[in-house]
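**Q** Numbering of the sequence shown is given in numbering that gives the first Met the number 0, commencing with residue 0 and proceeding in unit increments.
Glycine included, every Cβ here is placed at the ideal spot set by N, Cα and C.
Predicted, not measured: the structure shown is a model, and the values here were computed from it.
Quick one: the structure is below, questions incoming.
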Amino acid sequence: MALPFTIEAQTGTARLGRIQTAHGPVETPAFMPVGTVGSVKAVPQDVLEELDAHIILGNTYHLYLRPGHELVRSLGGLHKFMSWDRALLTDSGGFQVFSLGDLTKVSEEGVTFRSHLDGTSHLFTPERSMEIQIALGSDIVMAFDECTEHPAERERSRTSMEMTLRWARRSKEYFDAHEHEVPWTQIAGSTPATPALSGIVQGGMYADLRRESAERTVELDFPCYAIGGLSVGEPREKTVEMIAAALEVLPKDKPRYVMGVGYPHEIVQYAAMGVDMMDCVLPTRAGRHGLLFTSEGRMNIKNARFAQDQGPADPKCSCKVCARYSRAYLRHLFVAAEPLAGLLNTIHNLAFYLDTMRAVRHAIRLGDLSGLLSASVSLA
Ligand SMILES: [Zn+2]
């Protein structure tokens, strides 16, 4: 298990780096589009390539239930199944299971839950989560964790954090014994040709628990560290405080991934703090709801004031949607509930997020993030 990571430049706490996966390099700081069921909703894979996405996410919970990880494995793994030969990261399934709330029963062994599709009962354990992610052929596998609910008392957060640590150890033991079972170990000439397992820091909204969780996760020795359990309804200052607490402890020579964040100005800020990877459903989900992220701020495209607006969604955006279509047309598509609306809005939003990260990387290389930080904050 290895995940070579080189840092090419640093500005303050921000790092410009490169992660080498078995399916190609990922330049960091990276934003990772979310492909829940083996599809970044509404966006074909060739467009993701055009947008220069080098890594996307798959959701273990959804792919396990449908079409099933054994089927995906038998078809050569998720890369082959969805025709995506760049990097894939899978989550552990934990977050989705926990977000089903009262349908879950948590024990030391794992989590029992009912499928949202047909109500059948299932058990996710750390071992099972590893087995599924390895069968899918993920490049970066996430340890099975308990996403602590919010709000949670201190003792509850500690108990949950301890469970995540025990599950991290079990995840690692299973992963180390089975990582070679990914469907793609025969990739010619690739280095490395194995997936990597990422540990996850929990600890609720308590900075000292976050630091302790980070220290003890690092003792287990992972090639990548994620900070989970954020964006669960806490105020944003709290998110920043929890990220800062974990970053203090996490090794600087390993990629650090904050899960499930955020708005464009937030991902700029977190990258400036030293976060290397982020993912969020916002650009895709918001796009389907007609919310566009632009260099002029957020824009609700269904607004009547765009009915005769011949300008592009974002005059500063070079994406193929902004190059070709007007706000008036995008508004019309959305109001008419045309499927093309979701597709075009999502492509623009992903372009905006990926361009934002590209601008961050450029600024780190030039040694000055201040302009980008103040410009992005003004859009908040
Ligand atoms: Zn655009």
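Quick one: grab the DSSP three-state call for R364.
**A** In the structure shown, R364 sits in a helix (DSSP, three-state: H, G or I).
**Q** For L116, count neighbouring C-beta atoms within 10 Å of its own C-beta (all shown protein chains included) and say buried if the count is 16 or more, exposed if not.
**A** Exposed is the call here.
**Q** Identify, in the order they occur along the chain, each residue of the same chain with its Cβ nearer than 6 angstroms to the Cβ of R169, setting aside the five sequence neighbours on each side.
**A** Answer for R169: P125, listed in chain order.
**Q** What is the DSSP secondary structure of T12, counted as helix, strand or coil?
**A** T12: coil per DSSP, three-state reduction.
**Q** Report back the beta-carbon spacing between Y269 and L281 to the nearest angstrom; my notes put them in contact at under 8 angstroms.
**A** Not quite, the Cβ-Cβ distance comes to about 14 angstroms (not below 8 angstroms), so this is no contact.
**Q** Over what stretch of residues does the alpha helix (DSSP H) that includes Y63 continue unbroken?
**A** Element bounds for Y63: T59 to L64.
**Q** Just the C-alpha distance for M204 and E161, rounded to the nearest angstrom, thanks.
**A** Their backbone Cα atoms lie some 15 angstroms apart in a straight line.
**Q** Just the Cα atoms here: how many angstroms apart are P24 and A340?
**A** Rounded to the nearest angstrom, the two C-alpha atoms are 32 angstroms apart.
**Q** Can you tell me whether DSSP reads E211 as helix, strand or coil?
**A** Helix at E211.
**Q** Looking at the structure shown, is T216 part of a helix, part of a strand, or coil, going by DSSP?
**A** Helix, per DSSP.
**Q** Between E178 and G136, what straight-line distance do the alpha-carbon atoms span, to the nearest angstrom?
**A** Each residue's alpha carbon lies about 9 angstroms from the other.
**Q** Considering Cα atoms alone, identify which of K319, A192 and R357 is closest to P3.
**A** Closest by alpha carbon: A192.
**Q** If you follow the alpha helix (DSSP H) that P314 is in, where does it begin and where does it stop?
**A** Looking at the DSSP string, P314 is not in any alpha helix (DSSP H), and its letter there is neither H nor E.
**Q** Please classify A362 as buried or exposed, where buried requires at least 16 other C-beta atoms within 10 Å of its C-beta.
**A** Buried, since its Cβ has 16 or more Cβ neighbours within 10 Å.
**Q** Ligand 1 heavy atoms versus the CB of A350: any closer than 7 angstroms?
**A** Yes; taking the cut-off as 7 angstroms, the Cβ of A350 has a heavy atom of ligand 1 nearer than that.
**Q** Check whether the Cβ atoms of P49 and R360 sit closer than 8 angstroms, and answer yes or no.
**A** For the sequence presented, residue 49 should be read as Glu rather than Pro. No.
**Q** Taking 7 angstroms as the cut-off, is the CB of V46 close to at least one heavy atom of ligand 1?
**A** Because no heavy atom of ligand 1 lies under 7 angstroms away, the Cβ of V46 does not count as near it: no.
**Q** Does the region 47-64 come close enough to the region 86-95 to have 3 or more Cβ pairs within less than 8 angstroms?
**A** As far as the Cβ criterion goes, the region 47-64 touches the region 86-95, which means the pair count is three or higher.
**Q** Looking at the secondary structure, which residues open and close the beta strand (DSSP E) in which V36 lies?
**A** Careful: V36 lies outside any beta strand (DSSP E) and carries neither H nor E.
**Q** Could you give the distance in angstroms between the alpha-carbon of V248 and the alpha-carbon of S377?
**A** Taking the straight line from one Cα to the other gives about 31 angstroms.
**Q** Just verifying my parser: in three-state terms, what is the DSSP assignment at M272?
**A** Here M272 sits in helix by DSSP.
**Q** For the candidate residues P150, R284, G310 and N299, whose alpha-carbon lies nearest to that of S381?
**A** Nothing can be reported for residue 381: it is not among the residues displayed for the chain, which extend from 0 to 379.
**Q** Name the residue from G198, H347 and N348 whose alpha carbon lies nearest to the alpha carbon of S91.
**A** Closest by alpha carbon: G198.
**Q** Would you call the region 308-325 in contact with the region 347-355, where contact means no fewer than 3 C-beta pairs closer than 8 angstroms?
**A** Result yes; three or more Cβ-Cβ pairs closer than 8 angstroms.
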